[in-house]
Every structure is written in structure tokens, then in C-alpha cells.
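S.K.: Here it is: the structure, laid out below.
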Amino acid sequence: MKVAVFGASGWIGQHLVEEAKARGHQVVAIVRDPAKVTRQDVEVRQCDLQQETDLSSVLEGVDAVIASIGGRNTGNHNVVAQTAQLMLAQLPRLGINRLLWVGGAGSLEVSSGVSLLSLPEFPEEYKAEAQAQSEALDVFRNSPSTLNWTFVSPAAEIFPGGKQAAYRVGGDQLLVDEEQNSRISVSDYAVAMIDMLETESFTQQRVGIAY
1 MKVAVFGASG WIGQHLVEEA KARGHQVVAI VRDPAKVTRQ DVEVRQCDLQ
51 QETDLSSVLE GVDAVIASIG GRNTGNHNVV AQTAQLMLAQ LPRLGINRLL
101 WVGGAGSLEV SSGVSLLSLP EFPEEYKAEA QAQSEALDVF RNSPSTLNWT
151 FVSPAAEIFP GGKQAAYRVG GDQLLVDEEQ NSRISVSDYA VAMIDMLETE
201 SFTQQRVGIA Y
């Protein structure tokens, strides 16, 4: 499969590329600054989603898309929901029927109707990005698009670490372990994402990933 990864030079994006390549997929790394992609085994294409309105050329020949968009580096969090709208509208027209979205954990519920983002202890430095991802989730859920999207929220803590290749999949509720911790390594988050890519599972819904 030929997979485009938006944000391929970011922390999560690099792990997504690594996992996709390890499974034998062709990867198109789509980034604002091509110089930040050092791998020699991927095709690199330049795209600034703050300005782009037509994805036809950058996605030529692509079978599926993974989007890891945060807006933190540019300080423009509006790009998150805008990109969701853009992809919902354009991917089906381009013959691309699969989108995996790197979502935030902030919109996951810790109890009925209470999101992680709404808690007083939610870190201030992540609030803008979490709110942007929450708005993107609303865009997906309210869209009539036929695109097979999956919004994949990581655990409350996503940390550097190797693969156990074991994880749980939840829905809108924050997954916690027996000690009430919500954690996933970035490597296992990438495993889960590529698993969903290959099985075409959990379409048109949000899922949460945790140990």
C-alpha cells in the first residue's frame, strides 16, 4: 500500500513512518520542510497545510492517508480542524477512501460528560492543541462525507518507548490500567495505527489506544 503521512517529520509521524516501512508499505512523507526528513527510503513531498487548498498533486498515486497535525510548531491551531474539513471533502474525490487521524486525548471522557481536557490539572501548555483536536473530532462526526476515517486518540500519557505490540482499543472513555494510569508508548501507538490501516477497522469513529 502507498501511504501518505502528513507530519512525517514530527515525533509521532516519524514512528508512523517507521512502522509502515517495517510492514512493507511505500511511504510518502508530506512535510512543510523537506530538509527535516532524513530517511532515504521514503518519497518526500512538500505541503504547507496552512496555505494548501488542493491536495490532488501532493496525494497523487496514494492509497491511504495518515495525518499527524498539531499546529504547535506554527502556533496556528486552526489548521487542525481546517485540515480535517479539507481531507473529508477532497480525499473521496481523489479516490482515496482511508484516513487515519492522530487525535488528542483531551476529548476522551474520564466520567460521563466530563472530558480530560476539562479537568483543572490538565496541563496548560497542551490546552490549545487539545481543544483544536476536539474541534476536529466534531468536524469528523458532523460530516456527511463517505470517507472511511478513524480518529485515534492516544492514552493520557504517550511516552518514548519500544514496542510491546500489545494494546487495548476503547471508545470515548479514557482507558486506564489497574493502577488507574493511562499510558501508551509512541511505538505501540504507531503499531495500533498501522494495524487499523491494514484491517480497515473502526471506520467513521473515534477510538482510544492504551495499555
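Okay, so the sequence shown: first residue is 1 according to full-length UniProt numbering, each after it adds one. C-beta atoms are modelled at their ideal positions from N, C-alpha and C, and glycine is treated no differently.
1. Applying the 10 Å Cβ sphere with the 16-neighbour rule, what's the burial state of Asp-188?
2. Confirm, please, whether the CB-CB distance from Ser-68 to Gly-10 is below 7 Å.
3. Between Ser-111 and Ala-156, what straight-line distance do the alpha-carbon atoms span, to the nearest angstrom?
4. Would you call the region 82-93 and the region 51-67 touching, i.e. three or more CB-CB distances under 8 Å?
5. What does the alpha-carbon distance come out to for the pair Thr-199 and Arg-98?
6. Report all residues from its chain with a CB closer than 6 Å to the CB of Glu-43; omit the five preceding and five following residues, and keep chain order.
7. For Ile-66, name the three-state secondary structure that DSSP assigns.
8. Look up residue 213 in the DSSP assignment and say whether it is helix, strand or coil.
9. Below 8 Å on the Cβ atoms is my guess for Ile-209 versus Val-169; work out the distance and round it to an integer in Å.
10. Assuming Gln-14 is part of the beta strand (DSSP E), what are its boundary residues?
M.R.: Let me lay it out:
1. By one-based count along the sequence shown, residue 188 stands at place 188. By the Cβ-count criterion, Asp-188 is buried, with 16 or more other Cβ atoms from all chains shown falling within 10 Å of its own Cβ.
2. Start at 1 with the first residue of the sequence shown, and residue 10 comes out as number 10. Start at 1 with the first residue of the sequence shown, and residue 68 comes out as number 68. Yes, the pair counts as a contact, with Cβ atoms nearer than the cut-off.
3. On the sequence shown, residue 111 is found 111 positions in, with the first residue counted as 1. On the sequence shown, residue 156 is found 156 positions in, with the first residue counted as 1. Rounded to the nearest angstrom, the gap between the Cα atoms of Ser-111 and Ala-156 is 14 Å.
4. Taking 8 Å as the limit for Cβ pairs, the verdict is that the region 51-67 does touch the region 82-93.
5. The residue given as residue 199 occupies position 199 in the sequence shown. The residue given as residue 98 occupies position 98 in the sequence shown. The straight-line gap from Cα to Cα measures roughly 11 Å.
6. Translated into positions along the sequence shown, residue 43 becomes position 43. These residues qualify, in order along the chain: Val-28.
7. By 1-based counting over the sequence shown, the position of residue 66 is 66. Of the three classes helix, strand and coil, the one that applies to Ile-66 here is strand, per DSSP.
8. In the structure as shown, the chain starts at 1 and stops at 211, and residue 213 therefore has no counterpart that could be examined.
9. Numbered from its first residue, the sequence shown carries residue 209 at position 209. Numbered from its first residue, the sequence shown carries residue 169 at position 169. Contact flag correct, Cβ pair sits at about 6 Å.
10. Taking the first residue of the sequence shown as 1, we reach residue 14 at position 14. Looking at the DSSP string, Gln-14 is not in any beta strand (DSSP E); the run it does join, the alpha helix (DSSP H), is 11-22.
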